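Mapping the sequence shown onto our numbering, position 34 (from 1) lands on 1396, and the numbers just tick up by one.
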Amino acid sequence: WRLVTAMFLHVDLLHIAFNSYALLAFGPQVERPYGRLRFLLMYFLSGLAGSALSFLLSPYPSVGASGAIFGLVGVMGAYLYRYRDRLATGRARLINILSVVAYNLFYGFVVPHVDNWAHIGGLVAGLTLGWFLAPRYQVFRPDPLCAPRVIDRSAPLQWLQGIGLVGLGVALALLGGFLRWGG
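This is how it looks when you write it as structure tokens:
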């Protein structure tokens, strides 16, 4: 239960403030193209993956939503990479995301008590989920007099592949953590 609840707990008000700002900055960018269901699923699974990798590789307990938020950053990175040639500002936004990730990981390695393992776990899960759960848009015009319609042609198998990969990663990290820490 600690792996799930960790993403909803914070050390202090400043910790909540930084994570709230990051969620406000990246959340709508992810929810808009992916929708509420995928957003919630990716947020939760990224947070779980961040907690699992932290459990495996860090000797300290971890709290905070930053693993889940890094997951959203990863989702956005995968989306921008997939559609980089179709979005007007796709390449510039992708470079911006890479800069945010690089800065935050550097900061996490320099400043004590920042759980970069949770960040990396969430980021990798977000990249994976963002790639497999990305909407596959199709534009069609059934009648020349009607406005074009855009529909999402994502297949359930794509969703299962992405969720399965992240689930496997979480399971392996948990198994490794239990073997490393003895339970």
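Here a beta-carbon is modelled for each residue, glycine too, at the ideal position from N, C-alpha and C. None of these values were measured; they are calculated from a predicted model.
Task: residue 1490 vs residue 1524 beta-carbon contact at 9 Å - done: yes
- [ ] Output yes or no for whether 9 Å exceeds the beta carbon distance between residue 1439 and residue 1483.
- [x] no
Task: Within 9 Å, strictly: CB atoms of residue 1463 and residue 1425 - done: no
- [ ] Work out the CA separation of residue 1514 and residue 1499 for me, nearest whole Å.
- [x] 5 Å
TODO: Identify which residue in 1543, 1380, 1418 and 1393 has its Cα closest to the Cα of residue 1533.
DONE: 1418
Task: Given residue 1370 as reference, the closest of 1395, 1429 and 1401 once Cα atoms are compared - done: 1429
TODO: Report yes if the CB atom of residue 1476 is closer than 9 Å to the CB atom of residue 1469, and no otherwise.
DONE: yes
TODO: Pick out the complete alpha helix (DSSP H) segments inside the region 1449-1492, 4 residues or longer, and give them in chain order.
DONE: 1452-1472
TODO: Within the same chain, show all residues whose beta-carbon is closer than 6 Å to that of residue 1427, passing over the 5 residues directly before and after it, in chain order.
DONE: 1369 and 1381
TODO: May I ask which residues mark the beginning and end of the alpha helix (DSSP H) holding residue 1423?
DONE: Unbroken run through residue 1423: none, as it is neither H nor E.
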